[in-house]
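Line order of the protein sequences matches chains U and L.
If you count by full-length UniProt numbering, then the first sequence holds residues 1 to 365, one letter each, in order.
If you count by full-length UniProt numbering, then the second sequence holds residues 1 to 365, one letter each, in order.
There are 2 protein chains.
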Amino acid sequence: MRQLPTVEDVARIAGVSRQTVSNVLNSPAIVKPETMTRVKAAIEQLGYRPHASARRLRTRKSSTIGVRLDPMSNGISGSLLDRFLHALTERAAERGLRILLFTARTPEHEIEEFRRLRDGSDVDAFVLTSTFRQDPRTAWLLENDVPFVTFGRPSGDDDLGEPIHPWVDVDGFSGSNQATNHAIDGGATRVGYLGFDDGTTTALERRAGWASASAERLGLAGRDLAILALATEDGVPQGNAAATTLLASPAPPDAIVCASDSLALGAMMAAAGLGRNALPVIGYDNTPVAAAVGLSSIDQPLDLVAQSALELLFGETGSTVAAHVHSAADPIHRLLTPTLVARRSTELASVENSGFPLAGNHHER
Amino acid sequence: MRQLPTVEDVARIAGVSRQTVSNVLNSPAIVKPETMTRVKAAIEQLGYRPHASARRLRTRKSSTIGVRLDPMSNGISGSLLDRFLHALTERAAERGLRILLFTARTPEHEIEEFRRLRDGSDVDAFVLTSTFRQDPRTAWLLENDVPFVTFGRPSGDDDLGEPIHPWVDVDGFSGSNQATNHAIDGGATRVGYLGFDDGTTTALERRAGWASASAERLGLAGRDLAILALATEDGVPQGNAAATTLLASPAPPDAIVCASDSLALGAMMAAAGLGRNALPVIGYDNTPVAAAVGLSSIDQPLDLVAQSALELLFGETGSTVAAHVHSAADPIHRLLTPTLVARRSTELASVENSGFPLAGNHHER
């Protein structure tokens, strides 16, 4: 990098002390006009620019938000957090804020990064994703009075009534409830459900939305309901396998609501493989893949999530509001409602084991 | 935000000047032991931490790389740059570097951001993506001596022989050449090509790789070759339409190589719609969708692209090397070779207009 002129260079050229140069920049009222002229001439001659980092030190605002970049996911639903990052970066830019990305392999490592960034005043606040039960990260941030907001509510019973920290979430109950009602509106009488097996609030809420609609509109409950649901890891092959199991049962579902587009794509393939191309399948997250293959899906309003997160951190007008100040008049959480995007697939189905006659294994790796 | 103790607070508590506190922090050798003890006690009492931004001002290194986040793309290939951002963030973290994200709607706006970040010493260097012919951004960075590297070579004739700035690229000629050879190895005698119509180096290189393999192995040239290729915008519907056109010609292709997975997915759908489920189709970028539907695709080594970009900026060992210093012994570009990931699709095909009997339009938006 080229050597930028420093305040010392300006002081030497102007024949004054560093403190005097500093006074010219920060307290011009106390500087004699003649000295001012000399220092300004030196600043111009050298092309000296006071560093923003110095200005930052004075104002104690970095105009920067810290975000941990989640490890790359290979699932087709994994891009949700990337899409959120895009929305957050664009909405933050409208407020003159930038995003500082960092990585961390474990929650403990992430807390170390929080500490480092806090100590360096490198960021004004953090936005966290992928929170989990008894998350040590939010505990540390609360203890250390560091402003933050999470995308995803904390796991616990009374988060809605008395949130322990600011959060924005999208109502998973509503999402799968809408999807299930949509399938029933289309004529389904037994709606299957493919969900996650990770015990998160997300998993529980989405399952509850399906169960509630099935109970209210189809009168299903207890074991009659339970046999229509399977929980699995997220992924296309997992969705395929789970849907195959459901469809092979004595009383198979006539529609399947899924907790992700990956599971839904797998379910579509399973149905097509069994000659049931017409089985309605509804996904979650409205990924580009869902649009490409004509899969109906639940859309999370990520732009509104980003905007809400920034409002909880910095206030509606962009003024700085401490995130953790909580009062009844100033709610510190937002629960947003997703929407169903209904599509008609005309393209995807299976031709059993017909395969593509590409060359053998000698080119595979 | 809470009020952090300042150097003024330390000076007041210790009963010394700001300059003395500064000396304790920066030039302890010139401070009397007794004064040192008093200042250190005040620092401890207040929990004062010298700001990293102040340290940064002294060392003129932000340990930060500026990256413009491209606008969100809805195409299934759009995630390539997101995947590159993940790789860059992780490889940068290994060198103690962070990524500062910003947005810009136009190249001119992006140059304004360069200037602002340069003036503020907020970043050490930039990594650019999506470069184009006569890119004003790289011209500005060169003129202003700002270290940078691009993912994507500059458009021009002699970039390989005499690069005008540091770049890392993945050899598109090799990618589509491998794809075409793979199709020919599998028995194809007329390989169609679906490419981009944007006139970029990327578009030209990828087409050239297909043309070269078709000429060498199948003896096709001139008009016989040209009628097998179509250029279009990127997207699934575009791929579907273009492949339909190619397949309807008097001498249709018996395999199709595509410049993206979106085009390839569209081509698969077109082939299936015409009852040609067995037509080999090969995509580009090896997206999660390609893996999900069993599409063979060309994989760009994004981790190696990120690592190479950092090496060109900061040197192989992590030492700071000016990016724009160019010598024969120190090449400033890297052309990396992609690899073919061959898959066998057993799942995707079309059932003409059978559709999914989801409810009507009243839920659509």
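Cβ coordinates follow ideal geometry from the N, Cα and C atoms, glycine included.
From a predicted model like this one, the values you see are computed outputs, not experimental measurements.
query, result
"Taking the C-alpha atoms as reference points, what is the distance between residue 8(L) and residue 313(L)?", "38 Å"
"To which residues of the same chain is residue 20(L) closer than 6 Å at the C-beta, ignoring the five residues directly before and after it?", "none"
"Comparing C-alpha positions only, which one of 277(U), 297(U) and 81(U) sits nearest to residue 263(U)?", "297(U)"
"Which residues in chain U have a C-beta closer than 7 Å to the C-beta of residue 98(L)? List them in chain order.", "100, 101 and 102"
"For the candidate residues 210(U), 269(U), 223(U) and 255(U), whose alpha-carbon lies nearest to that of residue 236(U)?", "269(U)"
"Quick check: the stretch 114-125 of chain L against the stretch 136-146 of chain L, are there 3 or more CB pairs under 8 Å?", "yes"
"Between the Cα of residue 315(L) and those of 166(L), 82(L) and 12(L), spot the shortest distance and give me the residue it belongs to.", "166(L)"
"If you reduce the DSSP assignment to three classes, tell me which class residue 68(U) lands in.", "strand"
"Based on the DSSP secondary-structure assignment, which residues constitute the bridge partners of residue 297(L)?", "283(L) and 341(L)"
"Do residue 124(L) and residue 164(L) have their C-beta atoms within less than 8 Å of each other?", "no"
"I'd like to know whether the C-beta of residue 20(U) is nearer than 8 Å to at least one C-beta of chain L.", "no"
"Return no unless some Cβ of chain U is closer than 8 Å to the Cβ of residue 119(L).", "yes"
"Taking the CB atoms as reference points, tell me whether residue 239(L) and residue 266(L) lie closer together than 8 Å.", "yes"
"Buried or exposed, going by whether 16 or more other CB atoms sit within 10 Å of the CB of residue 98(U)?", "buried"
"Could you compute how far the alpha carbon of residue 279(U) sits from the alpha carbon of residue 248(U)?", "14 Å"
"How long is the line joining the alpha carbons of residue 16(U) and residue 23(U), rounded to whole angstroms?", "11 Å"
"Taking its Cβ as the centre, do 16 or more other Cβ atoms sit within 10 Å of residue 178(L), making it buried, or is it exposed?", "buried"
"For a contact defined as C-beta to C-beta under 7 Å, what are the partners of residue 265(L) on chain U?", "292"
"Let me know the secondary structure DSSP gives residue 94(L) once reduced to three states.", "helix"
"Which chain L residues sit within Cβ distance under 7 Å of residue 368(U)?", "Outside the modelled stretch of chain U, which goes from 1 to 365, sits residue 368(U), for which no answer is possible."
"According to the Cβ coordinates, are residue 209(L) and residue 172(L) closer than 8 Å?", "yes"
"Taking the alpha carbon of residue 233(U) as the point to measure from, which residue in 259(U), 84(U), 227(U) and 246(U) has its own alpha carbon closest?", "259(U)"
"Is residue 197(U) buried or exposed, if buried means 16 or more other CB atoms sit within 10 Å of its CB?", "exposed"
"Residue 245(L) lies in the alpha helix (DSSP H); which residues open and close that run?", "236-247"
"Could you give the C-beta distance for residue 175(U) and residue 256(U), rounded to a whole number, given that I count them as a contact under 8 Å?", "About 15 Å; that fails the 8 Å criterion."
"Given a threshold of 16 other Cβ atoms within 10 Å of its Cβ, counted over all protein chains shown, does residue 33(L) qualify as buried or as exposed?", "exposed"
"Just list the residues that DSSP pairs residue 101(L) with in beta bridges.", "99(U) and 67(L)"
"Can you give me the C-alpha to C-alpha distance between residue 277(U) and residue 300(U), rounded to a whole angstrom?", "27 Å"
"Who are the neighbours of residue 9(U) on chain L, taking C-beta pairs under 8 Å?", "Those do not exist, as residue 9(U) stays about 13 Å from chain L at its closest Cβ, beyond 8 Å."
"So who's on the other strand from residue 227(L), going by DSSP bridges?", "DSSP lists no partner for residue 227(L)."
"Determine the closest residue to residue 44(L) out of 67(L), 27(L), 110(L) and 11(L), with distance taken between C-alpha atoms.", "11(L)"
"At 9 Å on the CB atoms, spell out the chain U contacts of residue 82(L), in chain order.", "72, 79, 82, 83, 85 and 86"
"Quick one: what's got a C-beta closer than 6 Å to residue 113(U)'s C-beta in the same chain, skipping five residues either side?", "102 and 104"
"Does DSSP put residue 150(U) in a helix, in a strand, or in coil?", "strand"
"Which partner residues of residue 184(L) appear in the DSSP bridge assignment?", "BP columns for residue 184(L) are empty, so no partner."
"Alpha carbon to alpha carbon, how far is residue 200(L) from residue 430(L)? Give it in angstroms, no decimals.", "The first residue shown for chain L is 1 and the last is 365, placing residue 430(L) beyond what the model contains."
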